[in-house]
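Below is one structure; the comments refer to it alone.
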Amino acid sequence: MNLSWVDYAIVLVYVGGTITAGILARGAIKGISDFLVAGRTLKTHMAVATMVSTGLGLVTVMYFAEEGFTNGFAPFLVGVFSTVVHIIIGKTGFIVSRLRHLRVMTVPEFYEIKYNRGVRLFGGSILALAGVLNMGLFPILGSKFVIGFTGIPVDYVRPVMIGMLIVVVFYTLMGGMVSVVLTDFAQFILLSLGFFVATYIILTHPDLGWTNIVAAVERHRGEAGFNTFANPDFGWIWVFYFLSVLSIGIVWQPEMSRPLSTQNSRVARRVFWISGITGMGRAIIPMFFGAAALAYFNDPDFGSQLAMPTMLGSILPIGIAGLFLAGMFAAFMSTHDSYLLAWSGVIVRDIISPLKAMRRGSAQQVQEDGTWGGLTSQEEIYWTRALVVLLAAFLAVFGIYYIDKMPETAFKFMYVTGTIFFAGCVGTVGLGLYWRKANAVGACSALLLGAFLPLAFLILNLVPRYTPAFLRYFVENSNRANLASMVLAGLAMIVGSLLTQRTHPPRALDFSGME
Amino acid sequence: MGMEAWKNLWTVVFFVASLAFYTIVLVVGSKGLADFKNMLVAMVAARRIPPGGPDTSRRQP
């Protein structure tokens, strides 16, 4: 065991404090908009803190560190692109301002406004599938961090994961988005402090330091450890894909729920560009930890996921290790509660509730309490809470099954699962908000074709002998499947809409008075 | 671009990224603390109010 009782005491105090906050937050929940978007009351600084925290979960640190261990400095470009695109979005308000102006809580709600209830149901189903799969490795990677960091035997990875999930589910059920915002802020401070101290210790450690880390990356990874374009995991196809996905990636519900929780469109835009400045650090600092682990162990065959936590558990002094672990546990809680809430919210509001509304034949318009004529506000909260529990149980089972079957790194898995939904959004949201000819037929075509290649990549890599020849090129490398799916989805929206303008006239959106 | 150029580029990027990250954390952390405190106070106040809303019949003289 690497940690002392002081370290464990720090973690326990933090967990106790957050659970108390969760219980307090329960009293602040009056309706579904309080539960899902904190009553749309967030000011700039709280919203930035909570958005940065969501983008800096324990799983993010783990998969970026794995990239640093596996590919050295080459993936640093991820952080640079992330910052540049977020600042552009924040300054221009691309997508985010218009969605905030329409006062939607989830992206599929926009589908009902722009297209119809059927598209909302279809889009909600694809978003939920993508979101739940994307989250599939979060708990197991979180548990691997704790195991590596504390030195607990690897055999305990499953019980540790289940224990961590129980704490998170309890906390999320208590306070919804209000409690999420509070943990996010605590995580923002704790984790940043932990990052700062860990970076300092790595840079001044006698066996590490910047020069030794650079030398280790060169020794073990060669040019591919520095040159992003010479690295087979990245290259030009990845560059085009990643820039496209970052531009449309703001529609990812856990991330989108933050700007949608702000006071108005102007605050939403500001939140984007301020949090965008931290994008480089959020990616590059954990990647640097991963590269440092490569130098520390001097063994490229050391487990890429366990290397970073094992190194940090060994080099951080007593007290600092506890602080760092509390920060990482806060990051685990913050990401899990955000994601659990986001995906269960999507399933309830965009699948269950529309189905009930269709059976009732109620009007396709938002009610005063933020519902759409299906479930009532209290029923939506009840179902959202029930789904949080069900999703957590699914994640535990999926993570244990899939962790050793991943065709590429965890970072690539996150993006290929996200693209199941992102690709369709190129047409449904990107063109839907800015092209007045976008209609329901184009939207369905975009969602369907956008999901096809990423799903084919995931399924056929589990059963490679069934891969048809025409799909082999895309199944070999997720970058190809992802980029092709985005192009296909955009084209599907354009062709589908243009061919059916008379039979399915597009709906106009009103953006007058938008800030 | 040669390997040495890539090394120099990533060295600069790492330090710029770290500086930008910690600067935003400092600014947002200090300014957001007041919002954080207000949310906690509001939550505690919300728990003290009974489900039917505040009791207006018991006004102070």
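The listed protein sequences derive, respectively, from chains A and B.
Residues 221 to 735 (our numbering) are what the first sequence spells out, left to right.
Residues 4 to 64 (our numbering) are what the second sequence spells out, left to right.
Just so you know, even glycine gets a beta-carbon here, dropped at the ideal spot from N, CA and C.
Please read these numbers as outputs of a predicted model, since none were measured by experiment.
- Item | Where residue 482(A) falls: helix, strand or coil (DSSP) | The residue labelled residue 482(A) in the question sits at position 262 within the first sequence. Reduced to three states, the DSSP call for residue 482(A) is strand.
- Can you find a CB in chain A that lies within less than 7 Å of the CB of residue 1(B)? No answer is possible for residue 1(B): the residues shown for chain B start at 4 and end at 64.
- Query: Is the distance from the Cβ of residue 551(A) to the Cβ of residue 407(A) below 7 Å?
  - Reply: Residue mapping note: residue 551(A) aligns to position 331 of the first sequence, counting from 1. Residue mapping note: residue 407(A) aligns to position 187 of the first sequence, counting from 1. In contact: residue 551(A) and residue 407(A) (Cβ atoms closer than 7 Å).
- Message: The alpha helix (DSSP H) that contains residue 602(A), what's its start and end?
- Response: To locate residue 602(A), count along the first sequence from 1; it is residue 382. 597 to 622 is the extent of the alpha helix (DSSP H) around residue 602(A).
- Task: Report yes or no: is there a C-beta of chain A within less than 7 Å of the C-beta of residue 28(B)?
- Result: The sequence position of residue 28(B) within the second sequence is 25, counting from 1. Taking Cβ atoms only, chain A reaches closer than 7 Å to residue 28(B), which makes this a yes.
- Query: Taking the alpha helix (DSSP H) that residue 467(A) falls in, what are its first and last residues?
  - Reply: In the first sequence, counting from the first residue as 1, residue 467(A) sits at position 247. 455 to 468 is the span of the alpha helix (DSSP H), which, as asked, contains residue 467(A).
- Message: Only counting the same chain, and skipping five residues up and downstream in sequence, which positions put a Cβ closer than 8 Å to that of residue 446(A)?
- Response: As a position in the first sequence, residue 446(A) is number 226, starting the count at 1. 292, 293, 294, 437, 438.
- Task: Please list, in chain order, all residues of the same chain as residue 607(A) whose beta carbon is under 7 Å from its beta carbon, the five residues on each side excluded.
- Result: Translated into positions along the first sequence, residue 607(A) becomes position 387. So the qualifying residues of the chain are 564, 567, 568.
- Query: Are the stretch 496 to 504 of chain A and the stretch 18 to 33 of chain B touching, with three or more C-beta to C-beta distances below 8 Å?
  - Reply: yes
- Item | C-beta atoms of residue 489(A) and residue 313(A) nearer than 7 Å | Numbered from its first residue, the first sequence carries residue 489(A) at position 269. Numbered from its first residue, the first sequence carries residue 313(A) at position 93. Yes, these two residues count as a Cβ contact at 7 Å.
- Query: Would you say residue 16(B) faces chain A, with C-beta separation under 7 Å as the test?
  - Reply: The residue labelled residue 16(B) in the question sits at position 13 within the second sequence. It does; some Cβ of chain A falls within 7 Å.
- Task: Please determine, among 482(A), 524(A), 410(A), 517(A), the residue with the shortest C-alpha to C-alpha distance to residue 549(A).
- Result: Within the first sequence, residue 549(A) is the residue found at index 329, counting from 1. Nearest of 482(A), 524(A), 410(A), 517(A) to residue 549(A), Cα basis: 410(A).
- Query: Terminal residues of the continuous alpha helix (DSSP H) containing residue 736(A)?
  - Reply: With chain A covering 221 to 735 only, the question about residue 736(A) has no answer from this structure.
- Message: Here's a check: name, in chain order, each residue in its chain whose Cβ is nearer than 6 Å to the Cβ of residue 353(A), leaving out the five neighbours to either side.
- Response: Indexing the first sequence from 1 puts residue 353(A) at position 133. Result list for residue 353(A): 637, in chain order.
- When you compare only the Cα positions, how much space is there between residue 668(A) and residue 704(A)? Mapped onto the first sequence, residue 668(A) falls at position 448. Mapped onto the first sequence, residue 704(A) falls at position 484. Roughly 13 Å separates the two Cα atoms.
- Give the secondary structure of residue 324(A) by DSSP, where H, G and I count as helix, E and B as strand, and everything else as coil. Start at 1 with the first residue of the first sequence, and residue 324(A) comes out as number 104. Correct three-state label for residue 324(A): coil.
- Message: Below 8 Å on the Cβ atoms is my contact criterion, and I expect residue 559(A) with residue 358(A) to pass it. Report the Cβ-Cβ distance as a whole number of Å.
- Response: Against the first sequence, residue 559(A) aligns to sequence position 339. Against the first sequence, residue 358(A) aligns to sequence position 138. Right, their Cβ atoms sit about 7 Å apart.
- Query: Secondary structure at residue 412(A), three-state DSSP: helix, strand or coil?
  - Reply: In the first sequence, residue 412(A) corresponds to position 192, counting from 1. Note: residue 412(A) maps to helix in three-state DSSP.
- Task: Starting from the beta carbon of residue 10(B), find every residue of chain A whose beta carbon is closer than 7 Å, and list them in chain order.
- Result: For this step, residue 10(B) is matched to residue 7 along the second sequence. Those within 7 Å of residue 10(B) in chain A are 434, 446.
- Taking any Cβ of chain B, which residues in the stretch 280 to 302 of chain A have a Cβ under 8 Å from it, in chain order? 293, 296, 299, 300
- Query: With 16 other CB atoms within 10 Å as the buried threshold, where does residue 685(A) fall?
  - Reply: Position 465 of the first sequence holds residue 685(A). By the neighbour-count rule (16 or more Cβ atoms within 10 Å), residue 685(A) is not buried but exposed.
- Message: Helix, strand or coil for residue 628(A)? Go by DSSP, reduced to three states.
- Response: Residue numbering aside, residue 628(A) sits at position 408 when the first sequence is read from its first letter. Note: residue 628(A) maps to coil in three-state DSSP.
- Nearest-angstrom Cα distance between residue 619(A) and residue 533(A)? Translated into the one-based positions of the first sequence, residue 619(A) becomes position 399. Translated into the one-based positions of the first sequence, residue 533(A) becomes position 313. Cα-Cα distance, rounded: 24 Å.
- Item | Minimum Cβ-Cβ distance from residue 34(B) to chain A less than 7 Å | Position 31 of the second sequence, counted from the start, is the residue given in the question as residue 34(B). Interface residue, yes.
- Query: Does the beta-carbon distance from residue 641(A) to residue 418(A) come in below 7 Å?
  - Reply: As a position in the first sequence, residue 641(A) is number 421, starting the count at 1. As a position in the first sequence, residue 418(A) is number 198, starting the count at 1. Not a contact, by the Cβ cut-off of 7 Å.
- Message: residue 404(A) and residue 273(A) - do their beta-carbons sit closer together than 7 Å?
- Response: Within the first sequence, residue 273(A) is the residue found at index 53, counting from 1. Within the first sequence, residue 404(A) is the residue found at index 184, counting from 1. Yes; because the gap between Cβ atoms is below 7 Å, this pair is in contact.
- From residue 719(A) to residue 713(A), what does the alpha carbon distance come to, in whole angstroms? Indexing the first sequence from 1 puts residue 719(A) at position 499. Indexing the first sequence from 1 puts residue 713(A) at position 493. Distance between the alpha carbons of residue 719(A) and residue 713(A): 10 Å.
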